[in-house]
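If you read the sequence shown in my numbering, its first letter stands for residue 277, the second for the next number, and so on.
What follows is a short report on a single structure.
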Amino acid sequence: MEHLAAALQKIAPHVSPAELVAYWFKRDSRLVAPVLAELSFARSAGIRVYLATNQEHLRAAYLMETLGLAEQVDGIFYSARLGARKPDLQFFARVRAAVGLRGDEMLLIDDSRQNIEAARRAGWQALHWTRHSSPGIVRSWLRVP
């Protein structure tokens, strides 16, 4: 936050780091109902669900605690904690090692084609999610009607 405070002093001295961060988190975070439904379905089918995201520590905590994603997923893997960002293959290797599964047992659902391609290079299965994706993407992957 000290770097942010120094920058804000130069460009917007009337804004505190806490105010800017709160604004950013609120404006750049939205939960998508169809995605939450897919997470719920996967967990009800006995599949462990983790958030795998490029975030810093404060925003990761915000997503889990304030937005309530801790209730929707089994955990979070994020770049600031892992020391690697998607699409770096180290990100995928570190997540896989932490959960103790083979790459082919892992599935990444992501909105970035670059991340999808990297996950596949890491030996994971991967599905590209867009706002136009049909509901039921996890059911389709599981081949459940």
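All C-beta atoms in this analysis are idealised placements derived from N, C-alpha and C, irrespective of residue type, glycine included.
Computed from a predicted model, the values in this text were never measured in an experiment.
Buried is the label assigned to TYR354, since at least 16 other Cβ atoms lie within 10 Å of its Cβ. Residue range 351 to 354 is occupied by the beta strand (DSSP E) that includes TYR354. Taking C-alpha positions only, PRO411 is separated from ALA281 by approximately 42 angstroms. With three or more CB-CB distances shorter than 8 angstroms, the stretch 336 to 346 counts as touching the stretch 304 to 321. In the structure shown, ASP380 adopts helical secondary structure according to DSSP, grouped into three states.
With distances taken between CA atoms, LEU384 lies nearest to GLU314 out of GLU314, SER320, ARG335.
Looking at the backbone, the Cα of ALA360 and that of ALA373 are separated by about 14 angstroms. Here TRP405 has VAL311, ILE385, ASP386, ASP387, ILE413 as same chain residues with Cβ atoms under 8 angstroms from its own Cβ, once five neighbours each way along the sequence are excluded. Each residue's CA atom was taken as its position, placing ILE392 and PHE368 some 11 angstroms apart. PRO289 counts as exposed, since fewer than 16 other beta carbons sit within 10 angstroms of its beta carbon.
DSSP, reduced to helix, strand and coil, places HIS404 within a strand of the structure shown.
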